[in-house]
Ligand SMILES: [Zn+2]
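Residue numbers (my numbering): 160 to 690.
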């Protein structure tokens, strides 16, 4: 049976940008649009031209993407003509492949919010679609509050959708704007709509207020809708939008959908899904949701000993899909319930050969447990785990010793009468018999410390020249009685390899110092530097 095409529409940059605390810059928007384009999302909604300077600039020039780059905005205002509406003009002038209009489809909102008549609302939809078509744009209509509107007045809600379709809109998108509709209601209402408008012109836009935005999107597809709108990681105001990061693997990996539908995301690109999800979190400086379906760190993590041993024999016993299909990996957690076999599997992964009954394995397990209890996170810091394992197994040379360091932060008025803050660090390092003292200046104390530490490592300097820090993340943890700071540092070398190290302390400088040290030592071990 030939598979039907199902289209994905991403609105991370528009509806997702409504999230509290999210404020995308132009370069963030371009980077995210690029990632979405790359994995094969059919439509990327970039924003609302005319509504703010960032979005106006975003649509100020051609973006040359394979995806259908879409601008969002309102239909013409009631009582105005299409040629006399500045908002509509900005939208029509935007350098976009498609225009997604939003219009009311609930008579109650038309009366109360728009203060106009149902007839004028329908005329506004028809005029706006016609104007955008005349500009050569593909047109979509988001029917706001469609499900609530349909329950109140099905005839009017359908008339709004039909008006857009009849004028030539490519898609009529049914929005559950308040997010309170349940899957069986979505399925029934979409089934009624596709009797009037062909399903391959009908989309679903679900919000997550009953935590069923994904289920509602799938219910709409079962009933005949052929476009799903959503966001990366379910970003969106209140409880979020439908999460494309959960929807995409479900469509690709679950037979009921995979056998019937094709989407623009290839099997190969599906493997990059975890990366896309994490990249968005990093851009927003948010901790990734460990328990996110498919891509969370815990999605394929097994703790209990009995499950772990079964999983090592036959992964399918406790996994609904194979982790690598979405770029994730199986984790046998090093924890109090985990046995020796988990540690052995980790050591095997990093290439350390140890006998199974070696007593040092038990020691390593104890050290990891103790340190994780005070805030270290070894699952997030692969390089620090490897160093810890090598140290317990007696395999890390003492390359150098930091005898002393001093960090100074000073705020003063400069010659231009501006208040500036400068940081200086001095580090005293012993390499063999040689004592080296280096100073560094930086934008902040950790940056200054890093500069000073890497300025002169004597005979090891050649090994670390290509080392650079690519990310620095700080989190305050409450481990019982007092708050501690956990620092994660991501580094990269000239080969492009990246690794993450961790430091924990009540003092942020101390925590950063530990993570910096681990990063340098890891690089020396990796490069095979002599002791
Ligand atoms: Zn929305």
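Glycine is no exception: its CB is placed at the ideal position from the N, C-alpha and C atoms.
For ligand 2, is there a heavy atom less than 8 Å away from the beta-carbon of residue i?
i	result
residue 395	Looking at this structure, you won't find ligand 2 anywhere; what it does contain is ligand 1.
Hey, residue i and residue j are a contact pair by Cβ (cut 8 Å); roughly how many whole angstroms apart?
i	j	result
residue 681	residue 548	That belief does not hold up - the Cβ atoms of residue 681 and residue 548 are roughly 12 Å apart, past 8 Å.
residue 364	residue 395	With a Cβ gap of about 10 Å, residue 364 and residue 395 do not count as contacting.
residue 404	residue 383	Contact flag wrong, Cβ pair sits at about 24 Å.
residue 251	residue 290	6 Å
residue 273	residue 237	6 Å
residue 490	residue 459	6 Å
residue 641	residue 665	7 Å
residue 585	residue 596	7 Å
residue 183	residue 176	6 Å
residue 614	residue 625	Actually they are not in contact, since the Cβ atoms of residue 614 and residue 625 sit about 15 Å apart, beyond 8 Å.
residue 536	residue 645	7 Å
residue 540	residue 675	Not a contact, Cβ separation roughly 13 Å.
By Cβ distance, which residues of its chain are closer than 8 Å to residue i, with the 5 residues on each side in sequence left out?
i	result
residue 262	233, 234, 280, 283, 284, 287, 300, 301, 302, 303, 319 and 323
residue 428	197, 198 and 199
residue 346	378, 379, 381 and 382
residue 668	566, 604, 605 and 608
residue 425	199
residue 338	365, 366, 367, 368, 369, 372, 397 and 398
residue 690	556, 557 and 558
Between residue i and the rest of its own chain, which residues show a CB-CB distance below 6 Å, the 5 nearest in sequence each way excluded?
i	result
residue 677	543, 546 and 660
residue 410	416 and 422
residue 622	683, 686 and 688
residue 522	551
residue 214	206, 207 and 208
residue 601	582, 607 and 610
residue 165	385, 420 and 422
residue 520	499 and 502
residue 562	587 and 589
Return the chain-ordered list of same chain residues with a C-beta closer than 7 Å to the C-beta of residue i, the five sequence neighbours on each side being excluded.
i	result
residue 590	559, 616, 617, 618 and 619
residue 495	In this prediction, residue 495 scores a pLDDT of 46, lower than 50, which makes its location untrustworthy; the coordinate-derived value is nonetheless stated afterwards. 528.
residue 371	341 and 342
residue 216	185
residue 321	355 and 356
residue 226	195, 196, 200, 201, 202 and 203
residue 277	266, 269 and 315
residue 593	617
residue 241	235, 247, 286, 287 and 290
State the start and end residues of the unbroken beta strand (DSSP E) segment that holds residue i.
i	result
residue 637	627–637
residue 300	297–303
residue 138	What is shown of the chain runs 160 to 690, which leaves residue 138 out entirely.
residue 478	Unbroken run through residue 478: none, as it is neither H nor E.
residue 205	202–206
residue 166	166–169
residue 601	593–601
residue 620	Not the beta strand (DSSP E): residue 620 falls in the alpha helix (DSSP H), residues 620–623.
residue 565	560–572
residue 223	Where residue 223 is concerned, there is no enclosing beta strand (DSSP E), given that its DSSP letter is neither H nor E.
residue 647	642–651
residue 239	That residue, residue 239, is in no beta strand (DSSP E); it is neither H nor E in DSSP.
residue 578	578–590
residue 664	657–664
State the start and end residues of the unbroken alpha helix (DSSP H) segment that holds residue i.
i	result
residue 294	Note, residue 294: premise wrong, no alpha helix (DSSP H); not H, not E.
residue 437	432–443
residue 213	212–217
residue 611	604–612
residue 682	667–685
residue 246	245–252
residue 191	185–198
residue 270	266–271
Between the stretch 433–441 and the stretch 407–422, can you find at least three pairs of beta-carbon atoms closer than 8 Å?
Taking 8 Å as the limit for Cβ pairs, the verdict is that the stretch 433–441 does not touch the stretch 407–422.
Meets three-Cβ-pair contact criterion under 8 Å: the stretch 163–179 and the stretch 383–403:
yes
Is the stretch 305–317 touching the stretch 334–348 in the sense that three or more CB pairs, one from each, lie closer than 8 Å?
Counting C-beta pairs with one atom in each stretch, the stretch 334–348 and the stretch 305–317 have three or more that are closer than 8 Å, which means they touch.
Is the number of C-beta pairs between the stretch 200–210 and the stretch 250–265 that are closer than 8 Å three or more?
yes
Count the C-beta pairs between the stretch 508–516 and the stretch 626–643 that are closer than 8 Å, then say yes if the count reaches three, no if not.
no
Cβ contact check for the stretch 446–462 and the stretch 472–482: 3 or more pairs under 8 Å:
Yes, the stretch 446–462 is in contact with the stretch 472–482.
Within the stretch 350–429, note down every full beta strand (DSSP E) run reaching 3 residues or more, in order along the chain.
Within the stretch 350–429, complete beta strand (DSSP E) segments of at least 3 residues are found at 361–365 and 386–389, given in chain order.
Report the start-end ranges of each alpha helix (DSSP H) in the stretch 308–355 that is 4 residues or longer and not cut off at the edges.
313–325 and 342–352
List, from N- to C-terminal side, the alpha helix (DSSP H) runs of 4 residues or more that fit wholly inside the stretch 506–556.
518–532 and 541–551
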